[in-house]
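What follows is a set of notes on a single structure, which appears directly below.
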Amino acid sequence: MSKIAITNLNKLYNPNKPNAFYALKNINLSIEEAEVVILKGVSGSGKSTLLSLIGGLAKPSSGEILVNGQNIAKLPDIMSSSYRHKEIGFIFQSFNLLEGLSVYQNILAPLSLTSLSKEAINEKVSRAMSLANIEHKQHQTVGSLSGGERQRCAIARAVVMEPEIILADEPTANLDKENSLMFIDILKKFKALHKTVIIATHDTLFDDQNCIDRYVHMRDGEFVE
Amino acid sequence: MSIFLSNEIIVFLLIELILIVLMAISQVNIVTIVRYWDFNATTPLQYALEKKNYLINTILYFTVSCKVILFLFFIQSLNALSGIVPGAMCSAGVVGANHYGNALLLLKLLLIFGFGLWLIINKLDLGFITFPYLKRKYLLFTLLFAGVLGEFALEILYFSNIPLTVPVFCCSVVFQAPKLPFGYTQTLLVLFFYTIFGAILVLNHMKQTMASFTCNLLFLFIAYYAITYFFGLYIYEMPNHKCPYCMLQKEYYYIGYLIWGSLFLGIFFGIMPFLIERITQKSYDYLLRYSSVCHIIMALICSFYVVRYYLMTGVFL
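Keeping their order, the protein sequence lines are chains A and B.
The first sequence runs 1 to 225 under the working numbering.
The second sequence runs 1 to 317 under the working numbering.
This is how it looks when you write it as structure tokens:
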């Protein structure tokens with residue numbers, strides 16, 4: 001069984017309106033466990049929409065998205081939240097961190113919804129910070145960090161719940177080359193940890209990286225060869 | 001002056017009207033949802049119905065909860081109306097002002113139980129990914145909505161027929177002509193009250209849902225008369241004051257809300273497991289524990305007034 005199996009997936013925005021358009025058209029995709037997949041395409045090709053559907057942030061117009069055999073498009077809102085919390089690690093282009101909090105507190109945030117002991121929480125946060133190489137900045141507020149450090153903080157937050165699937169939307173768009181290469185290093189760590197990773201990007205830095213299993217090209221909401 | 005000009009009735013009917021409009025919108029959508037629902041489908045129609053289902057659930061959760069709360073406001077409004085209805089000293093006079101009052105109150109009580117059942121089924125339904133009770137839940141709501149429309153019509157008839165120039169009968173008539181069903185005496189009534197109360201506790205403990213359902217329905221009837229015609233005398237400390245409403249007033253520390261509230265909740269939790277079992281085919285007999293707790297609270301409060309009166313005076317009324 002595939003980790004993620006997408007069948008006949010469509011996403012129509014603004015239905016029944018003059019400006020209705022299909023962001024995704026009849027998408028079929030199968031992703032195996034521990035596979036690292038790059039979704040490539042220009043802006044507006046449907047990469048982010050596909051990620052948001054896989055991540056349970058939005059519902060499709062038709063079709064199914066099976067994650068571990070469960071159609072997540074059918075999950076009620078409350079279960080969708082639980083799915084996102086436990087199964088998915090999100091890395092966003094604009095980081096989406098809480099500016100006024102420290103690095104440690106940002107990474108701690110997803111764990112505050114669990115019933116883990118203080119020791120277990122500390123251990124998980126430390127492990128995530130170590131993976132993202134940000135532990136030396138743990139007491140600094142996010143507002144005082146550089147772009148690369150913010151991204152590493154966001155990565156640590158994404159993995160602190162130890163999700164099996166990591167979704168990254170243009171993770172290097174706001175980074176310089178040095179920090180982008182650092183992200184590639186972290187990607188290799190994800191691969192070593194057998195995480196299933198899907199990255200939406202048009203950054204050529206990801207081309208020909210040996211840690212990436214597959215490239216999927218998108219245009220106008222469809223897969224292209 | 002028309003009774004429709006009183007603040008309580010204006011507010012009450014306006015809220016009722018808003019809730020009915022919301023329920024009517026939901027009902028129209030429910031017809032579409034139930035007609036085309038196929039959970040296994042991944043078509044645009046099914047996804048649209050699922051979105052619509054969330055919206056309707058939210059609206060109904062709000063409206064049904066409001067209807068339950070509105071019942072308390074209705075009781076409070078009746079009490080307030082006793083100030084402008086000539087001859088009425090409490091809600092008894094207002095309810096008995098015409099022959100629609102008691103029918104309306106009974107219908108409201110039945111609907112409250114129905115809404116409670118709907119809220120429980122709704123909660124269970126939303127607890128599963130597949131919405132297993134969706135159609136039954138909406139069928140139940142359709143029945144309740146028909147009841148709500150009937151209730152609204154009855155409310156209009158009731159309020160428009162309350163005489164404001166002719167004095168109505170109030171507790172005074174109850175003082176003079178206490179009527180017990182089937183010619184029961186007070187002793188027999190109290191005996192029945194404690195016997196059925198004990199039976200309910202035993203049946204609830206044994207998780208006999210069907211028997212508890214039957215006993216609770218019977219107890220609703222018996223307890224109403226026992227509280228009004230026996231325990232009420234000790235609450236009011238007057239041998240002829242047989243009124244179910246005065247105990248809701250400040251003079252009696254609003255104890256009526258606790259007595260009637262615990263009785264109705266006890267009945268509600270007593271009859272629900274049987275009904276829920278019929279709808280969901282699953283056991284929810286743990287609700288019977290809540291039923292026992294509520295009934296015990298009600299019986300303790302009622303008995304307390306009798307014991308206290310006896311200790312203070314050395315006689316029974």
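Cβ coordinates follow ideal geometry from the N, Cα and C atoms, glycine included.
### Message
Check whether the stretch 152 to 159 of chain A and the stretch 89 to 102 of chain A touch, using three or more Cβ-Cβ pairs below 8 angstroms as the test.
### Response
Segments in contact, yes.
### Query
Can you name the start and end residues of the alpha helix (DSSP H) that B:Gly261 belongs to?
Residues Ile255 to Thr280.
### Query
CA-CA distance, B:Thr292 and A:Val159?
The amino acid occupying residue 292 of chain B in the given sequence is Ser; Thr does not appear at that position. Cα-Cα distance, rounded: 49 angstroms.
### Query
Should the stretch 97 to 106 of chain B be called in touch with the stretch 149 to 161 of chain B, which here means at least 3 C-beta pairs below 8 angstroms?
The stretch 97 to 106 of chain B, when compared against the stretch 149 to 161 of chain B, does touch it at the 8 angstroms Cβ threshold.
### Message
When you compare the CB of A:Ser62 with every CB in chain B, is at least one pair closer than 7 angstroms?
### Response
Cβ-Cβ to chain B under 7 angstroms: yes for A:Ser62.
### Query
Can you tell me the Cα-Cα spacing of B:Phe192 and B:Tyr225, whole angstroms?
Between B:Phe192 and B:Tyr225, the alpha-carbon positions lie close to 11 angstroms from each other.
### Message
Along the stretch 67 to 78 of chain A, where does the CB come closer than 9 angstroms to a CB of chain C? Name the residues.
### Response
Protein chains A and B are contained in the structure displayed, whereas chain C is not.
#### Entry: According to DSSP, residues forming a beta bridge with A:His85
A:His85 pairs with nothing; no bridge assigned.
### Query
With a cut-off of 7 angstroms, does the C-beta of B:Pro44 fall near any C-beta of chain A?
At least one chain A Cβ lies under 7 angstroms of B:Pro44.
### Task
Spell out a yes or no on whether the stretch 109 to 121 of chain B and the stretch 32 to 47 of chain B are touching, meaning 3 or more CB-CB pairs, one atom from each, closer than 8 angstroms.
Remark: fewer than three beta-carbon pairs, one from each stretch, lie closer than 8 angstroms, so the stretch 109 to 121 of chain B and the stretch 32 to 47 of chain B are not flagged as touching.
### Message
For A:Gln70, list the residues DSSP reports as bridge partners.
### Response
Residue pairing by DSSP puts A:Gln70 in a beta bridge opposite A:Val67.
### Query
So which residues on chain B does A:Lys59 lean against when the C-beta distance must stay under 8 angstroms?
What A:Lys59 touches in chain B: Tyr47, Glu50 and Lys51.
### Message
Give me the residue from A:Met79, A:Lys47 and A:Phe90 with the minimum Cα distance to A:Leu24.
### Response
Nearest of A:Met79, A:Lys47 and A:Phe90 to A:Leu24, Cα basis: A:Lys47.
### Message
Given this structure, state the Cα-to-Cα distance separating A:Lys40 from A:Ala200, to the nearest angstrom.
### Response
Straight-line Cα distance between these residues: approximately 6 angstroms.
### Opening and closing residue of the alpha helix (DSSP H) in which A:Ile54 lies
For A:Ile54, the uninterrupted alpha helix (DSSP H) segment begins and ends at Lys47 to Ile54.
### Proximal residues of chain A, C-beta to C-beta of B:Ile129 below 7 angstroms
For B:Ile129, the chain A residues whose C-beta falls within less than 7 angstroms of its own C-beta are Lys74, Leu75, Pro76 and Met79, listed in chain order.
#### Entry: Cross-chain neighbours of B:Tyr54 in chain A, by beta carbon under 8 angstroms
Pro76 and Asp77, listed in chain order.
### Message
Can you check which of these residues, B:Ala299, B:Phe316, B:Lys123 and B:Leu70, is closest to B:Ile255 by C-alpha distance?
### Response
Ranked by Cα distance from B:Ile255, the first of B:Ala299, B:Phe316, B:Lys123 and B:Leu70 is B:Ala299.
#### Entry: Cβ neighbours of B:Val190 in the same chain (closer than 8 angstroms, five flanking residues each side left out)
The beta carbon of B:Val190 sits closer than 8 angstroms to the beta carbons of Ala226 and Phe230 from its chain, once the five residues preceding and following it are set aside; these are given in chain order.
### Query
When burial is assigned at 16 or more other CB atoms within 10 Å of the CB, is B:Asp38 buried or exposed?
So B:Asp38 ends up on the exposed side.
#### Entry: Host beta strand (DSSP E) of B:Ile15 (start-end)
Unbroken run through B:Ile15 is the alpha helix (DSSP H), Asn7 to Tyr36; no beta strand (DSSP E).
### Task
Could you pull out every residue in the same chain whose Cβ sits closer than 6 angstroms to the Cβ of A:Leu113, ignoring the five residues on either side in sequence?
Within the same chain, A:Leu113 has no close Cβ partners at all.
### Task
Compare the Cα-Cα distances from A:Val142 to each of A:Leu53, A:Tyr104 and A:Ile165 and report the closest residue.
Closest option to A:Val142, judged by alpha-carbon separation, among A:Leu53, A:Tyr104 and A:Ile165: A:Tyr104.
### Message
One question on the structure: do A:Ala231 and A:Ile91 come within less than 7 angstroms of each other, judged by their Cβ atoms?
### Response
For residue 231 of chain A there is no data in the structure shown, the boundaries of chain A being 1 and 225.
### Task
Let me know the secondary structure DSSP gives B:Ile129 once reduced to three states.
Coil, per DSSP.
### Message
Tell me which residue opens and which closes the alpha helix (DSSP H) that B:Phe39 is part of.
### Response
Note, B:Phe39: premise wrong, no alpha helix (DSSP H); not H, not E.
### Query
To which residues of the same chain is A:His229 closer than 6 angstroms at the C-beta, ignoring the five residues directly before and after it?
In the structure as shown, chain A begins at 1 and stops at 225. Residue 229 of chain A is therefore absent and cannot be evaluated.
### Boundaries of the alpha helix (DSSP H) in which A:Ser180 is found, first to last residue
Start and end: Lys177 to Ala192.
#### Entry: Own chain, CB closer than 8 angstroms to B:Gly150, minus 5 neighbours either side, in chain order
If we look at B:Gly150 and ignore the five residues flanking it on each side, its Cβ neighbours are Leu107.
#### Entry: Cβ-Cβ separation, A:Asp207 to A:Thr172 (assumed contact under 8 angstroms), whole Å
Actually they do not touch by this definition, with Cβ atoms about 12 angstroms apart.
### Query
Heavy atom of the ligand HEM less than 6 angstroms from the Cβ of A:Thr196, yes or no?
The ligand content of the structure shown is nil, which means the ligand HEM is not present either.
### Message
Can you tell me where the beta strand (DSSP E) holding A:Thr196 begins and where it ends?
### Response
That run of the beta strand (DSSP E) goes Thr196 to Thr201.
### Bridge partner(s) assigned by DSSP for A:Phe90
In the DSSP output, where bridge partners are listed per residue, A:Phe90 has A:Leu167.
### Message
Once the 5 residues before and after B:Gly322 are set aside, which same chain residues still bring their CB inside 8 angstroms of it?
### Response
Given a span of 1 to 317 for chain B in the structure shown, any question on residue 322 of chain B remains unanswerable.
### Task
Would you check if there are 3 or more beta carbon pairs closer than 8 angstroms linking the stretch 232 to 240 of chain B to the stretch 296 to 312 of chain B?
A contact exists between the stretch 232 to 240 of chain B and the stretch 296 to 312 of chain B.
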